[in-house]
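In terms of UniProt numbering, the sequence shown is numbered consecutively and its last residue is 259.
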Amino acid sequence: MFEKKHHNYSYALVISELITLAHRHNFSIKKIGEERFEHIGMTYPLYRFTVNPRAPKKFCIIAGVHGYEIAGPLTIPHLFEFPKKYFNKEIAYYIYPILNPTSFDLDRRMDDDNRDLNCLNRRTLKSRNYREIQAFYNDIKKMRFDALISMHEDLDEKNFYAYVFEREKNPVYRRIVRSASRFTGVETKKSIYQSPSDGHGLVINVHDQAIEDRFFCMKQAKTSLTSETPGKLDIGLRIKINLENIKIINRSILSRRSG
Numbered sequence: 001m002f003e004k005k006h007h008n009y010s011y012a013l014v015i016s017e018l019i020t021l022a023h024r025h026n027f028s029i030k031k032i033g034e035e036r037f038e039h040i041g042m043t044y045p046l047y048r049f050t051v052n053p054r055a056p057k058k059f060c061i062i063a064g065v066h067g068y069e070i071a072g073p074l075t076i077p078h079l080f081e082f083p084k085k086y087f088n089k090e091i092a093y094y095i096y097p098i099l100n101p102t103s104f105d106l107d108r109r110m111d112d113d114n115r116d117l118n119c120l121n122r123r124t125l126k127s128r129n130y131r132e133i134q135a136f137y138n139d140i141k142k143m144r145f146d147a148l149i150s151m152h153e154d155l156d157e158k159n160f161y162a163y164v165f166e167r168e169k170n171p172v173y174r175r176i177v178r179s180a181s182r183f184t185g186v187e188t189k190k191s192i193y194q195s196p197s198d199g200h201g202l203v204i205n206v207h208d209q210a211i212e213d214r215f216f217c218m219k220q221a222k223t224s225l226t227s228e229t230p231g232k233l234d235i236g237l238r239i240k241i242n243l244e245n246i247k248i249i250n251r252s253i254l255s256r257r258s259g
């Protein structure tokens, strides 16, 4: 897997592996749009992969919003390699493995237009500099999810934390933090990037129009969070945290069967 040789990865290599695995396991593949990297004259296709599309519950998994946060995108091949371990037949998975392909290849936060894609509002849905966000939103805007996770990283951190948006925190968030604590420390600061924290790894984020915030506010996701694996932790452990989070959210979704 890519964590063994992550200095050699590229968008094309990761997507190629995902397409191969998707064909092997009969996952559906949809091209939702494309982004033109004008400086080098390359067009990047944008993909959504779907597992168990007819299942009654829905789980959205997003990665690669910021290109230099690599653990999220490199988690997806593990999910595809071992579907019986990470996917439940009662849950439909809508997976956007690398939302920002140009920044992934540039190994930086911003895309090739020097834009931060973690912003979903009227301006970004109209600007030609946010085609990735527009393609994503057009694909997903009519969907409703039982859970949504956007896998991010904090490259300067040694400790795990997560952004959530409810005042009354869903117990699944505490289980996620507790699980992460098996692999690394948990952030205990009372404020993280000027947002209040509970001192135990959960940041109650201001409504900043980030993707996961917008989907929660628009009632398109019953639970919505941003996980922030610590960039100073070994890449294999960061991926392991992400994989465990997927399993925890699966169990949470299934526990609400009658809801």
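All C-beta atoms, glycine included, are put in the ideal place defined by N, C-alpha and C. These numbers come from a predicted model, not from an experiment.
Could you tell me the alpha carbon to alpha carbon distance between residue i and residue j, rounded to whole angstroms?
{"i": "Y68", "j": "L106", "result": "8 Å"}
{"i": "H152", "j": "P230", "result": "9 Å"}
{"i": "Q134", "j": "R122", "result": "10 Å"}
{"i": "K4", "j": "R251", "result": "For K4, the predicted model reports a pLDDT of 43, less than 50, meaning its position is unreliable; a value from the coordinates is still stated below. So the alpha carbons of these two residues sit roughly 29 Å apart."}
{"i": "A12", "j": "F104", "result": "10 Å"}
{"i": "T43", "j": "G185", "result": "40 Å"}
{"i": "S258", "j": "H39", "result": "Residue confidence is low: S258 scores 48 on pLDDT, short of 50, so the model does not pin down where it sits. No coordinate-derived value is stated."}
{"i": "R256", "j": "L18", "result": "30 Å"}
{"i": "R54", "j": "N129", "result": "34 Å"}
{"i": "K30", "j": "I15", "result": "12 Å"}
{"i": "F27", "j": "M143", "result": "19 Å"}
{"i": "E35", "j": "K219", "result": "28 Å"}
{"i": "I70", "j": "D116", "result": "16 Å"}
{"i": "T75", "j": "N242", "result": "7 Å"}
{"i": "residue 263", "j": "Y96", "result": "The chain is shown only over 1 to 259; residue 263 falls outside these bounds and no answer can be derived."}
{"i": "L148", "j": "T102", "result": "23 Å"}
{"i": "I249", "j": "L125", "result": "29 Å"}
{"i": "H162", "j": "R108", "result": "For the record, residue 162 in the displayed sequence is Ala; it is not His. Rounded to whole angstroms, A162 to R108 spans 21 Å at the Cα level."}
{"i": "Y193", "j": "V203", "result": "9 Å"}
{"i": "T50", "j": "A22", "result": "9 Å"}
{"i": "I235", "j": "E228", "result": "13 Å"}
{"i": "Y137", "j": "I211", "result": "9 Å"}
{"i": "G72", "j": "N245", "result": "11 Å"}
{"i": "R175", "j": "G41", "result": "45 Å"}
{"i": "K169", "j": "D154", "result": "22 Å"}
{"i": "A92", "j": "C119", "result": "25 Å"}
Taking C-beta to C-beta, are residue i and residue j nearer than 8 Å?
{"i": "S150", "j": "T226", "result": "yes"}
{"i": "K57", "j": "D146", "result": "yes"}
{"i": "S181", "j": "K190", "result": "no"}
{"i": "I253", "j": "F59", "result": "yes"}
{"i": "N100", "j": "D111", "result": "yes"}
{"i": "K232", "j": "K158", "result": "yes"}
{"i": "Y86", "j": "K247", "result": "yes"}
{"i": "F160", "j": "L237", "result": "no"}
{"i": "L46", "j": "I61", "result": "no"}
{"i": "G201", "j": "V164", "result": "no"}
Just curious, the alpha helix (DSSP H) that residue i is in, first and last residue?
{"i": "S179", "result": "171-180"}
{"i": "H66", "result": "Counting along the chain, H66 falls outside any alpha helix (DSSP H), and DSSP gives it neither H nor E."}
{"i": "I140", "result": "131-140"}
{"i": "E17", "result": "11-25"}
{"i": "S103", "result": "101-106"}
{"i": "A71", "result": "71-81"}
Kindly identify the DSSP beta-bridge partner or partners of residue i.
{"i": "I61", "result": "I95, I149"}
{"i": "R48", "result": "K30"}
{"i": "L225", "result": "I149"}
{"i": "N245", "result": "According to DSSP, N245 bridges with nothing at all."}
{"i": "V186", "result": "F160"}
{"i": "E35", "result": "Y44"}
{"i": "D154", "result": "P230"}
{"i": "S191", "result": "P196"}
In the DSSP assignment, find the beta strand (DSSP E) that holds residue i and state where it starts and stops.
{"i": "I204", "result": "202-204"}
For residue i, count the other beta carbons within 10 Å of its own beta carbon; 16 or more makes it buried, fewer makes it exposed. Which is it?
{"i": "Y9", "result": "buried"}
{"i": "T188", "result": "exposed"}
{"i": "H78", "result": "buried"}
{"i": "H66", "result": "buried"}
{"i": "R24", "result": "exposed"}
{"i": "T82", "result": "It is worth fixing the name first, because residue 82 is Phe in this sequence and not Thr. Exposed, since its Cβ has fewer than 16 Cβ neighbours within 10 Å."}
{"i": "T20", "result": "exposed"}
{"i": "P171", "result": "exposed"}
{"i": "S127", "result": "exposed"}
{"i": "residue 264", "result": "The question about residue 264 has no answer here: the residues shown for the chain are numbered 1 through 259."}
{"i": "G199", "result": "exposed"}
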